[in-house]
Structure formats: C-alpha cells, structure tokens
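Novice: If you read the protein sequences in the order shown, they are chains A, B and C.
Quick note: the first sequence uses my numbering, first residue 1, plus one each step.
Quick note: the second sequence uses my numbering, first residue 1, plus one each step.
Quick note: the third sequence uses my numbering, first residue 1, plus one each step.
For glycine and all other residues, C-beta sits at the position ideal for the given N, C-alpha and C.
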Amino acid sequence: MREFTEVLITGVTIGIVYFLVAVGFTLCYGVGRVLNYSYGSFFTWGAYLAWVLAVGYASLNYFLVFLIVLPIMFLFGVVVDQVLIRPLRKRPEFEFSVLLVTLGLAVFLDNLVLVIFGARTKSLPEFLAGSVKIAGFTISWQLIAMFIFALVVAVALFVFLGKTRTGMSMRAVAQDPTGARIVGIPLFRVFAITFGISTMLCGAGGILLAPRFFMTPLGGWTFLVKALIIVIAGGLGSIKGTLYAAFILGILEAIVGWQLGLLWVMPFWFLVLFLILLIRPAGLFGATARKG
Amino acid sequence: MLEVENINVFYGEYQAIHDISLRVTEGQLVSIFGPNGHGKSTLLKTICGLMKPASGVIRFQGQEIQGLPSHKLVEMGVVLISEERHLFPEMTVMENLQLGAYAKPARKKEAENLEFVFSMFPKLKTLSKKRALNLSGGEARMLAIGRGLMSDARFLAIDEPSFGLAPILRTQVFEQIMTLRDRGLSILLVEQTTGDIAEQSDYIYLLEDGRIAFSGSKGEALNSDAVRKVFLGIT
Amino acid sequence: MNRARVKEVRLPGDRPKALRLNRQTGITLGMIVVLALLPLAFGGSNYTMRLLVVSMIWGGVAVAWDLLLGYAGIFNLGQVGFFALGAYASAMLSENAGLNPWWGLPAGAAVGAIVAVLLGLPSLRLAGIYIALLTLAFYEVLAPLLTVGQAIGTGGKRGISPITPYKVGDHLLGGSNQVPWYYLALGLFVLCLVVCYFAINSRFGTSFVALHDSESFAQSLGISRYKVSLLIVALSGTLTGLMGAFYAHYTGVVSPRILGLEVFIYLVIMVLLGGVGKFPGPAIGAFIVIFVSDWLRAFQNFRMLIFGALVIVLVMLAPRGLMGAVDSGQTYARRWRAHRSPAPEDKP
C-alpha cells in the first residue's frame, strides 16, 4: 500500500509535467493551428541546453539554468514562427505544409544534436539529491522540486490565459480568429507569442524530465508521442481536457511501469488512447471533430 | 471621412466587387441596400481590412488604408460589426466586451465605454457572466454591437444589425444607431429591409451584382426606378 | 483565330480518355521502358542494381502515398506503418510459420489493406487534422508495439533475420545476381504505377477529385466521401503492404528500424520532390532520393541534417516539386507562344 501511494505521488508529479508539455502542444494548435512535429526536438534541445549549462561547459545551479534556457526557448520559438511558419499562412494547404516543415525541422534539429553532442546518452543530475520522509512515505527531493516547479508554471499559465490581456487575446484567436481581427488583435503577433510560449513550455518539460529519463538525441520523440496522445485523448484545443488526460495518463504510466515494467509503458499509452477514442472520438473534451 | 475609389475585390477567380466608389462624410449615416449575396458584406469586410481589394484605393481621413491589417484599422477607429457577429463563444459577455477594448486607444476609455454600452443595452449588464454561446439571437447581436462600440470607433461599418431580430428589437437597434450618429460617429450601414433606416440616412447606395446601381439622398431614392424595382418588384 | 480558353469541367463519373497519350502516360511509359532496358547496361554492377531495386520499391510506395496525400487530400502520416506491417507479415509467415515466401506477397498486400482500412474507419469521419494526428500516433506507436511483440514472434528490437529469399523453380534468388530481383521489383513497381494511374484517371478517380473539390456537389450525385475514401485508403495500403513484403525478402531483414524517422523523411522528400498530386512525380522522386542519399553516404549524420533542411526548403520554396516545375514551365511556354502569335485578343 505504501509503495502504491509512492507510485501514485510519482504519477501525479509526472502528470503535471506531462501537462505542461502537452498544453504547449495544445496551445500551438488551438491558437496557431500548427501541428508542431518538431515539438520533440524542442524538448531534446531544452534538455541539452540545460545540460550544457549545468554539466557540460558550466556548472550553474538549476535556478539559473531555468532562467537562461526558458527565454532562449521562447525566442527560438518566435524566430521559428516568423521565419518558417508565417510565410506559409497565406497558403490554402497551410496545415499540411506546416506539418512537413516542422518535420524537416525536427530531423534537422535532432541531427544537429547528434553532430554537436554525439550519440552517447547524457544524463542530467537531479536538482536536489536525497529524499525526505513525510508521513511514513519516502519522497525524493527531486520529485518535490519537480512538482513545485511544474505547479507554479501551471498556475502561472492559467492566470496568464485567464486574466491577462495577452492571454485573453490568445484564447480569442483560438475561439474565433475573425472575431479577433475585428476587435483589433494583431494575429501574427499572437501567433508568434503562442509559439514562443509553446516552445518554452516544451523546453521546461525537457529540463524537468531529463533527470528521470536518459538523454539521447532522439529522446524527445517519446514525449512528442505522449503529448500527442494526451492531446488527442483530452480533446484537441481543450486545456481542461489536456489537464485531465495528462493526469490520468501520468498516474497510469507510473502504475504500469511499476507493475509490468518500462517496456509496456508505450503500448499501454496506445491502448488508453484507443479506448478513449472508441468511446469519444473527439477526445474527452474535444469539440465536434466531425467534418462538416 | 471615408473614401472608396474604384475598388475591385475577388474571391479567387470570382469577382465580387466591380469598380465601386463611395463616400461617407464625417457624422453621416450612409446606408447600403441590395439583395443578398451581391457583395454588401464583402464591401464592408474590405473597407475594414478583413479582405484586400485587387485594385483601387480606400482612404480614411485622407490616409490610404486598403491592404492594411485589420488591427491597424481598429486602432485608427475603423470598426466592423459583422453580420456573423464572430463573438468568442467560450467567453462571457463581460470578457467579450473587454476584448472589444483591446486596441490601445480603446483601452484608455474602456471604463467609460463600458458604461455607455450598458446604458444602451441594460440587458447586457445582467447577462455579463453568461457565456456567449448561451445567448439568444437578439442578445448575441446586442453583444456584437456593444463589443464593436468598446473599440472606441470613429467610423462604424455595421452589417445587417437587425437580421433575425423581432420587430421591437429591430426598432430599438435602429434607434440606437441613430443615437450613435448623433454622438458624432460616422456610420456605414448595410441593411436588407428599408423603411426606418432609409428615412434617417443621409445618403443611400444600392448595390447589385457587386456594382452601385444607385446612389443619392433619400429623396432621390424614393423617386428612383432602380430602387423601386429592387424593393417592390422582382429582384 | 478565337483564342478563348474554356477550362474543362470534370464531372464526377466522367470517363476521361484514360489511355490517351499525355504527359502523365508519356513519362510513365518512358520510365518503364528505360527501367526495363537498364539491366542491359548496368546488369553487371550489383551495387547499381541494388539502388535501382530499392528505388523501385520506394517508388511504388511513394505513388501509393501520393494517392492519399495529393489526390484524396488525406493527411496519412502512417504510410510507413503499412509498409512495415506488410514486411513483418511476410517475414513472419516465411520464418515463423515456414510457408513458401511467395505467399508473403499477397499476405503483405492483405495486411496492408486491412490495417489501412482499420485506421481509416475511425479517422476518415473526422476532419483533416484529426486524420493527421491519429495516423501520426499510429506510426509512432508501431515501433514500440513491434518491439514488445517479441512474444508473438516479431523478433523484438532486433527484428527478424535472415529472411528466406524467393525461389523460382529450383533457383534461389541470391545476392550475387541482382537481375532476377530487378525484374521482379520492376513488375511490382509497374503494378503500382498502373493501379495508381487508373485510380486517378478512371471514373472512380474523377469522383474522388470531384469530392475533394466540391463535397456537396459530389454528394448530391450520391457519392459517399467516406466510402470512396476508405476504398482509396485500402488501395494505397494494399500496394504499400505488397512492396513491404517484397522488401523483407529482398533485404533479408526486418526490424523496427524500418519505422525510423530516416525512412519517413526519405518518403516525404520523394513525394515533395516529385510533386504532391503530380503523378508519377513521386516515383521519379524516389529514384532521385535513393541515389542522392547514396552519393552522400560518406557524410553520415550531416546527410540527415541536409535532408531535414531539404524538406524545409522544398516546402517553402518549391511546394509543387519537379513535376510542378514542369507544369509551370509548360504554362509559361504556352503564354509565351500566345504572346508572340499575332492572333487578336478576345477581351470579355
């Protein structure tokens, strides 16, 4: 029972971080209509940048690492949006073209990591070592740090989207782009900011999860898939759905990993996706996905 | 205040607007009538920056605005109230109104404009927490107009504000448009039904097949064969 | 002379002269003839033969994929999955169940068809982006599934190897003589070309294009988008699974690596280069990609870096691919000729 609770705690924590990663993806599509195939590669780069700062070429503490890497990721996202995505927006086959461009970008970025850092796995050490005993359970400090950080970011995100003018403008664009233009919201700026935030969230997820999973140049793909599944299961464009799906899948992953072993984790994700789609094809909270 | 000179607008290969010119002087209420599908909405959308004319010039207060993105136009005070409303469905009435004041000049006067909107549409105040997708047709239209007013416009392009409304509401909406004109707003109004609005307009245009079939004051309109044909005869 | 040009309206169900000699048929036939004769010149070089065989295999897959992407407008990102499953099915039949490898071909085709339809059933009712998402999820999850499927004989991470090659009469097709493999591959390749050509240009195909262009009009004529889509998806899956099966016995090994991004990117470039929706462009693209990739093999990782960048460049600057460039070239030539001719212009 005790072990189960510890696994549960792990699952909840991972769930929150998955939520961050998935919500970036949802925002990207919901607001910008971009299916970002290179999302996994951004994840990898976030982790590798953190590695460079914390281990590889410097030994900065994690607080600084976040402070440096996150803005870099944001800027990078904005640049990608302006250079690669914006020119495609005027095309009728935009969504498809963007998918292909981000695919090319993904391959490029992945191989850039390979060329620069080599293929051997790297590891990012934990933020805080050791563990603490609370109410009889042993919880590692790392987990607590992850949880707190992810929680802070998640809350900040909700406040940002709900209360700030920029956040509201993003929601407006997602709900009715023409309406947004009518009230004077500059679409292209919103797209750029959204992509930047999305990239930043992805990078944050990369840094948070890197200590748990080994870092390889192709490691980000697993997280793209997981984000994809969370987003489909929760309903594309629905933040609430993403939240629920992230938690459910995070907790279930922890349990499956504990009981059946890591190899079963991915197939299991697919099973859950399949089941959810069977019952509700548009995801838990998805808007009508049907054509016409 | 607003001058449109010889614009042509296309949807792909299809030409919706053929060589149209019109003018709205400051403080005027100008109406555009005409059968559906003949380009009235397209014209308004083009003036307000949602579409770009293939050729021709649009001037607002002397400055050329054709092709400018709509957010710049809103900042200049050119605001569209669209027939399709385009409200933000998941947001509340209040949030929709707040977003109406997104543009910088509008932001400064947000509180003042909000009060004005509520005085014009008291019902919106009671509905302020309701989500836009739960509003009735009439309420949604009120919100669309209210949101447009929050943008602190100097020029309003209104597309069929009374469409689908009960007669009482229709009269109310027209009265409110009058009030706006009296407050100094320049208004370009597109409507299907004549009557009250024709009476009050300073100038009238008739749009048919993407072309101006008639233009003149209301007196001239009443005597025009073209106008009579459209509204009394077969379209 | 009256130069008025009326755009030909294609009604659904129209039977265009499918066997007319036009650019499509001309290039396709030319390609087939050239390929049939190539072994006379290169038959001695096994290396070149190998490249050609692989090009033909992927060429078949590329045109099959383009049926969906370019003609049916279906964003299927799981095409490589059909290929892999066809390959695995054939391999497992011959290695695990001990059947004659030839059975693998129809088996691979069948598996491709079934999987494609299974994927299409839920996806095709949904909007385009959901098709992309679902097929993407399918593609990404397949490799882990195959790895875990070790229990049922997929060979896990290492896959299945070696795989029994085909036997013609008493003669086992081996690695030293590529020519029999070559003609076998050519046969399958031609099959793909022919099937795709007729899918695009037959009554069936024009219904499809009509659906793509105007759904309500087509529906008013009783054509169900869903059913036609499923059919096209099945067709594409069948051809791809078939090629996958052949591939397994040709290369002698199947493993989850076949689902790697490298392979997928190659396929994407083939289609982009050849031109989406410009038959038989993707097949030509296949040859270019395979050969260029071979020339660049010394560059190792830089090669993939180049290919990634190439995809970006292609999408942004040359979305219509090579055949698209040919199209544009023809349009310019036509205009230039018209401009030079002294015929009076017809202004409406």
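Does DSSP put Tyr14 of chain B in a helix, in a strand, or in coil?
Specialist: Against the second sequence, residue 14 of chain B aligns to sequence position 14. Strand, per DSSP.
Novice: Any beta carbon of chain A sitting closer than 7 Å to that of Leu38 of chain C?
Specialist: As a working note, residue 38 of chain C is residue 38 in the third sequence. No, no contact with chain A.
Novice: Quick one: Cα of Gly179 of chain A to Cα of Ile144 of chain A, how far?
Specialist: The residue given as residue 179 of chain A occupies position 179 in the first sequence. The residue given as residue 144 of chain A occupies position 144 in the first sequence. Spanning the two alpha carbons is a distance of roughly 42 Å.
Novice: I'd like the span of the alpha helix (DSSP H) that includes Ala318 of chain C, first residue to last.
Specialist: Residue 318 of chain C sits at position 318 when you count from the first residue of the third sequence. Here Ala318 of chain C belongs to no alpha helix (DSSP H), and DSSP marks it neither H nor E.
Novice: Would you be able to state if there are at least three C-beta pairs under 8 Å between the region 100–114 of chain B and the region 73–80 of chain B?
Specialist: These segments touch.
Novice: Residues of chain C with a CB under 7 Å from the CB of Met266 of chain A: which are they?
Specialist: Walking along the first sequence from the start, residue 266 of chain A turns up at place 266. Under the 7 Å cutoff, chain C gives Val141 and Pro144.
Novice: In the structure shown, what three-state DSSP assignment does Arg280 of chain A receive?
Specialist: Counting from one through the first sequence, the residue named residue 280 of chain A turns up at place 280. The answer is coil: DSSP assigns Arg280 of chain A none of H, G, I, E or B.
Novice: Could you please give the first and the last residue of the uninterrupted alpha helix (DSSP H) stretch that includes Tyr139 of chain C?
Specialist: Your numbering for residue 139 of chain C matches position 139 in the third sequence. Where Tyr139 of chain C is concerned, the enclosing alpha helix (DSSP H) stretches over Gly128 to Val148.
Novice: Quick check on DSSP: helix, strand or coil for Lys45 of chain B?
Specialist: Locating residue 45 of chain B in the second sequence gives position 45, where the first residue counts as 1. Note: Lys45 of chain B maps to helix in three-state DSSP.
Novice: Distance check for Cys196 of chain C and Gly13 of chain C, CA to CA, integer angstroms please.
Specialist: Counting from 1 along the third sequence, the entry for residue 13 of chain C is found at position 13. Counting from 1 along the third sequence, the entry for residue 196 of chain C is found at position 196. The pLDDT assigned to Gly13 of chain C is 49, lower than 50, so where the model puts this residue is not dependable; a value taken from the coordinates is nonetheless given after this. If you take the alpha carbons of Gly13 of chain C and Cys196 of chain C, they lie about 17 Å apart.
Novice: Check whether chain C comes within 7 Å of Ala289 of chain A, counting only Cβ atoms and requiring the distance to be less than that.
Specialist: Working through the first sequence from its first residue, we reach residue 289 of chain A at position 289. Any reading at Ala289 of chain A must be qualified, since the residue scores a pLDDT of 43, below 50, and its modelled position is unreliable; the value itself is stated next. With 7 Å as the cut-off, Ala289 of chain A counts as an interface residue toward chain C.
Novice: Looking only at C-alpha atoms, which of C:Ile269, C:Gly237, C:Gly159 and C:Asn100 sits nearest to Val292 of chain C?
Specialist: Working through the third sequence from its first residue, we reach residue 292 of chain C at position 292. The residue with the shortest Cα to Cα distance from Val292 of chain C is C:Ile269.
Novice: How many angstroms separate the CA atom of Lys291 of chain A from the CA atom of Ala16 of chain B?
Specialist: Taking the first sequence and counting its residues from 1, one reaches residue 291 of chain A at position 291. Taking the second sequence and counting its residues from 1, one reaches residue 16 of chain B at position 16. The predicted position of Lys291 of chain A is uncertain, since its pLDDT is 39 and thus under 50; a value taken from the coordinates is nonetheless stated next. Distance between the alpha carbons of Lys291 of chain A and Ala16 of chain B: 28 Å.
Novice: What does a CB cutoff of less than 8 Å around Ile212 of chain B pick up in its chain, not counting 5 residues either side in sequence?
Specialist: Your numbering for residue 212 of chain B matches position 212 in the second sequence. Only Ile20, Ser21, Leu22, Tyr205 and Leu206 meet the Cβ criterion.
Novice: Between which residues of its own chain and Ala246 of chain A is the CB-CB distance below 7 Å, once the five residues before and five after are set aside?
Specialist: Against the first sequence, residue 246 of chain A aligns to sequence position 246. Within the same chain, Ala246 of chain A has close Cβ partners Gly15, Tyr18, Phe19, Ala22 and Ile230.
Novice: Let me see if you follow: with CB-CB separation under 7 Å, is Asn76 of chain C close to chain F or not?
Specialist: The structure shown contains no chain F; the protein chains it does contain are A, B and C.
Novice: Relative to the alpha-carbon of Ile193 of chain A, which residue among A:Leu260, A:Leu273, A:Val80 and A:Ala135 has its alpha-carbon at the smallest distance?
Specialist: The residue you call residue 193 of chain A lines up with position 193 of the first sequence. If we check each option's Cα against that of Ile193 of chain A, A:Val80 comes out closest.
Novice: Identify which residue in C:Gly324, C:Trp336 and C:Leu230 has its Cα closest to the Cα of Leu68 of chain C.
Specialist: Residue 68 of chain C sits at position 68 when you count from the first residue of the third sequence. Nearest C-alpha to Leu68 of chain C: C:Leu230.
Novice: Residues in the same chain with beta-carbon distance under 6 Å from Glu126 of chain A, minus the five sequence neighbours each way, listed in chain order, please.
Specialist: Residue mapping note: residue 126 of chain A aligns to position 126 of the first sequence, counting from 1. Counting only Cβ-Cβ distances below 6 Å, and skipping sequence neighbours, we find Gln142 and Pro211.
Novice: So, at 6 Å on beta carbons, what are the nonlocal neighbours of Gln98 of chain B in its own chain, with the 5 sequence-adjacent residues on each side left out?
Specialist: The residue labelled residue 98 of chain B in the question sits at position 98 within the second sequence. No residues qualify anywhere along the chain.
Novice: Which residues in the same chain as Phe188 of chain A place their Cβ atom closer than 6 Å to its Cβ, once the five residues preceding and following it in sequence are excluded?
Specialist: Here the question's residue 188 of chain A lines up with position 188 in the first sequence. Excluding positions up to five away in sequence, the list is empty.
Novice: Verify the CB distance criterion: does Gly308 of chain C have a CB-CB separation below 7 Å to chain A?
Specialist: Translated into positions along the third sequence, residue 308 of chain C becomes position 308. Yes, Gly308 of chain C counts as interfacial toward chain A.
Novice: Report the rounded CA-to-CA distance for Glu8 of chain C versus Val24 of chain B, giving the unit in angstroms.
Specialist: Looking up residue 8 of chain C in the third sequence gives position 8. Looking up residue 24 of chain B in the second sequence gives position 24. Confidence at Glu8 of chain C is low in this model, with a pLDDT of 45, below 50, so the placement of that residue should be treated as unreliable; the coordinate-derived value is given next. Going from the Cα of Glu8 of chain C to the Cα of Val24 of chain B covers about 44 Å.
Novice: How would you list, in chain order, the residues of chain B whose beta-carbon sits under 7 Å from the beta-carbon of Ala172 of chain A?
Specialist: Sequence index remark: in the first sequence, residue 172 of chain A carries index 172 (1-based). Neighbours of Ala172 of chain A on chain B, chain order: Phe88 and Leu99.
Novice: Verify whether the separation of the beta carbon atoms of Leu68 of chain B and Asp202 of chain B is less than 7 Å.
Specialist: Here residue 68 of chain B corresponds to residue number 68 of the second sequence, with the count starting at 1. Here residue 202 of chain B corresponds to residue number 202 of the second sequence, with the count starting at 1. Not closer than 7 Å, so no.
Novice: At the 7 Å Cβ level, is Asn100 of chain C part of the contact set with chain A, yes or no?
Specialist: Position 100 of the third sequence, counted from the first residue, corresponds to residue 100 of chain C. Asn100 of chain C does not count as touching chain A.
Novice: Output the distance between the C-alpha atoms of Thr199 of chain A and Phe163 of chain B, rounded to the nearest integer angstrom.
Specialist: Your numbering for residue 199 of chain A matches position 199 in the first sequence. Your numbering for residue 163 of chain B matches position 163 in the second sequence. Approximately 44 Å, taken between the alpha carbons.
Novice: With 7 Å as the threshold, decide whether the Cβ of Leu133 of chain B is near any Cβ in chain A.
Specialist: What you label residue 133 of chain B is simply residue 133 of the second sequence in a count that begins at 1. Taking Cβ atoms only, chain A never reaches closer than 7 Å to Leu133 of chain B, which makes this a no.
Novice: Do the region 266–283 of chain C and the region 316–326 of chain C meet, that is, are 3 or more Cβ pairs less than 8 Å apart?
Specialist: Yes: at least three Cβ pairs fall under 8 Å.
Novice: When the cut-off is 7 Å and only beta carbons count, does Asp176 of chain A lie next to chain B?
Specialist: Working through the first sequence from its first residue, we reach residue 176 of chain A at position 176. At least one chain B Cβ lies under 7 Å of Asp176 of chain A.
Novice: Should Trp336 of chain C be labelled buried (16 or more other beta-carbon atoms within 10 Å of its own) or exposed?
Specialist: As a working note, residue 336 of chain C is residue 336 in the third sequence. Classification for Trp336 of chain C: exposed.
Novice: Quick check: the Cα distance between Asn96 of chain B and Arg154 of chain B, rounded to an integer number of angstroms?
Specialist: As a working mapping, residue 96 of chain B is identified with position 96 in the second sequence. As a working mapping, residue 154 of chain B is identified with position 154 in the second sequence. Distance between the alpha carbons of Asn96 of chain B and Arg154 of chain B is about 20 Å.
Novice: Are the beta-carbon atoms belonging to Val53 of chain C and Tyr182 of chain C less than 7 Å from one another?
Specialist: What you label residue 53 of chain C is simply residue 53 of the third sequence in a count that begins at 1. What you label residue 182 of chain C is simply residue 182 of the third sequence in a count that begins at 1. Closer than 7 Å, so yes.
Novice: With 16 other CB atoms within 10 Å as the buried threshold, where does Glu3 of chain A fall?
Specialist: As a first step, residue 3 of chain A must be located in the first sequence, where it is residue number 3. Label assigned to Glu3 of chain A: exposed.
Novice: When you compare only the Cα positions, how much space is there between Gly237 of chain C and Leu267 of chain C?
Specialist: The residue labelled residue 237 of chain C in the question sits at position 237 within the third sequence. The residue labelled residue 267 of chain C in the question sits at position 267 within the third sequence. Roughly 15 Å separates the two Cα atoms.
Novice: Across which residues does DSSP place Leu189 of chain B in a beta bridge pair?
Specialist: Along the second sequence, one-based indexing puts residue 189 of chain B at 189. Looking at the DSSP assignment, Leu189 of chain B forms a beta bridge with B:Ser31 and B:Ile158.
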